[in-house]
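In our numbering, the protein residues as written are 113 to 364.
Right, here's the structure in full:
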């Protein structure tokens with residue numbers, strides 16, 4: 113099982129750094145589907161890896177001056193309390209419900225990015241980079257924190273599209289800023305889910321072996337890839353896998 117966990121860590125570490133989603137959102141359905149972990153363990157086990165993946169990738173993005181520290185700071189001030197509240201809410205929800213909710217959210221995010229790719233392809237309008245209002249950052253990221261805590265997700269799955277849609281950030285800036293935010297926001301969630309017994313430490317440690325080199329590689333490749341291509345690939349990968357995961361949980 114641990115050799116499979118290393119492979120899963122390598123694949124998801126690369127994808128997470130490339131798309132700026134931290135790791136746990138990709139790992140949860142993979143651990144549930146292919147390694148057969150119980151629902152709550154599948155949710156919590158990869159969360160510490162979101163910290164590791166995000167820290168490694170963030171160093172690469174920082175060197176390219178892609179991180180928006182203003183947005184990251186206010187996102188953390190609002191998102192961390194939301195993450196803590198959401199993490200405790202998992203004790204009142206069933207494992208299967210959380211798995212199905214994960215699949216639905218993944219699908220909606222994937223479709224959203226495919227639509228954005230089509231719009232950008234058909235339009236010459238550029239994304240503006242004017243600073244978003246502090247109030248908007250706080251409200252949006254507080255809600256994301258709660259949802260991320262419920263799903264034992266570092267938040268990147270929701271932060272990247274939120275940064276693009278609500279804050280009008282460019283996709284690479286959104287990915288870089290999301291990873292820095294996730295690196296910090298995942299810490300309290302990891303501690304709480306460990307306290308609740310939702311983390312299998314041997315599996316987490318095995319996955320970390322694969323995550324470390326591939327997260328760095330994913331971040332480097334992202335910076336060499338056209339932004340619109342990243343957006344399209346992000347949508348296709350997330351939406352496609354969410355459909356498979358949803359039906360596997362319905363029949364499971």
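Here a beta-carbon is modelled for each residue, glycine too, at the ideal position from N, C-alpha and C.
I'd like the list of long-range same chain contacts for residue 237, defined as Cβ closer than 6 Å, with 5 residues on each side in sequence excluded. Your numbering for residue 237 matches position 125 in the chain shown. Here residue 237 scores only 48 on pLDDT, less than 50, and its place in the model is too uncertain to base an answer on.
Three or more C-beta pairs under 8 Å: does that hold for the region 152 to 160 against the region 298 to 315? yes
Taking the alpha-carbon positions, what's the residue 139 to residue 120 distance? Your numbering for residue 139 matches position 27 in the chain shown. Your numbering for residue 120 matches position 8 in the chain shown. Their Cα atoms are separated by approximately 8 Å.
Could you check which residue in 201, 277, 270 and 146 has the C-alpha nearest to that of residue 231? Reading the chain shown from its first residue, position 119 is the one you call residue 231. Looking at the Cα atoms, 277 is the closest of the given residues.
If you drop the 5 nearest sequence neighbours on each side, which residues of the same chain put their C-beta closer than 7 Å to that of residue 360? In the chain shown, residue 360 corresponds to position 248, counting from 1. Only 145 meet the Cβ criterion.
Nearest to residue 305 by alpha carbon, out of 288, 326, 294 and 265? Position 193 of the chain shown, counting from 1, holds the residue named residue 305. Of 288, 326, 294 and 265, the residue nearest in Cα terms is 265.
Can you give the beta carbon distance from residue 293 to residue 172, rounded, assuming they're within the 8 Å contact cut? To locate residue 293, count along the chain shown from 1; it is residue 181. To locate residue 172, count along the chain shown from 1; it is residue 60. Actually they do not touch by this definition, with Cβ atoms about 16 Å apart.
What are the start and end residues of the alpha helix (DSSP H) that includes residue 186? For the purposes of this step, residue 186 is taken as the residue at position 74 of the chain shown. It spans 181 to 201 - the alpha helix (DSSP H) in which residue 186 sits, taken as one unbroken run.
Are the CB atoms of residue 256 and residue 274 nearer to each other than 8 Å? Taking the first residue of the chain shown as position 1, residue 256 is located at position 144. Taking the first residue of the chain shown as position 1, residue 274 is located at position 162. Cβ distance < 8 Å, so residue 256 and residue 274 count as in contact.
Please classify residue 115: is it buried, with 16 or more other beta-carbons within 10 angstroms of its beta-carbon, or exposed? On the chain shown, position 3 is the one that residue 115 refers to. Answer is exposed; the Cβ neighbour count stays below 16.
Counted within 10 angstroms of its Cβ, other Cβ atoms place residue 247 as buried (16 or more) or exposed: Translated into positions along the chain shown, residue 247 becomes position 135. Looking at its Cβ environment, which holds fewer than 16 other Cβ atoms inside 10 Å, residue 247 is exposed.
Return helix, strand or coil for residue 352, following the three-state DSSP convention. Position 240 of the chain shown, counted from the first residue, corresponds to residue 352. The answer is helix: DSSP assigns residue 352 an H, G or I state.
Does the pairing of the region 328 to 337 with the region 123 to 130 give three or more beta-carbon distances under 8 Å? yes
Below 8 Å, how does it come out for the region 162 to 176 and the region 209 to 227: are there three or more Cβ pairs, yes or no? no
To the nearest angstrom, how far is the alpha carbon of residue 209 from that of residue 289? Here residue 209 refers to the residue found at position 97 when the chain shown is read from its first residue. Here residue 289 refers to the residue found at position 177 when the chain shown is read from its first residue. Distance between the alpha carbons of residue 209 and residue 289: 30 Å.
Alpha carbon to alpha carbon, how far is residue 287 from residue 168? Within the chain shown, residue 287 is the residue found at index 175, counting from 1. Within the chain shown, residue 168 is the residue found at index 56, counting from 1. Whole-angstrom Cα-Cα distance: 13 Å.
By a C-beta neighbour count over all protein chains shown, 10 Å radius and 16 as the cutoff for buried, is residue 302 buried or exposed? Here residue 302 refers to the residue found at position 190 of the chain shown. Classification for residue 302: buried.
Contact check, residue 125 vs residue 327, beta carbons under 8 Å: Along the chain shown, read from residue 1 onward, the residue named residue 125 stands at position 13. Along the chain shown, read from residue 1 onward, the residue named residue 327 stands at position 215. Yes, the pair counts as a contact, with Cβ atoms nearer than the cut-off.
Segments of 4+ residues assigned as alpha helix (DSSP H) that fall wholly inside the region 246 to 282: 246 to 262 and 268 to 277
Boundaries of the alpha helix (DSSP H) in which residue 156 is found, first to last residue: Start at 1 with the first residue of the chain shown, and residue 156 comes out as number 44. Element bounds for residue 156: 151 to 156.
Taking buried to mean at least 16 other C-beta atoms within 10 Å of its own C-beta, is residue 362 buried or exposed? Counted from its first residue, the chain shown places residue 362 at position 250. So residue 362 ends up on the exposed side.
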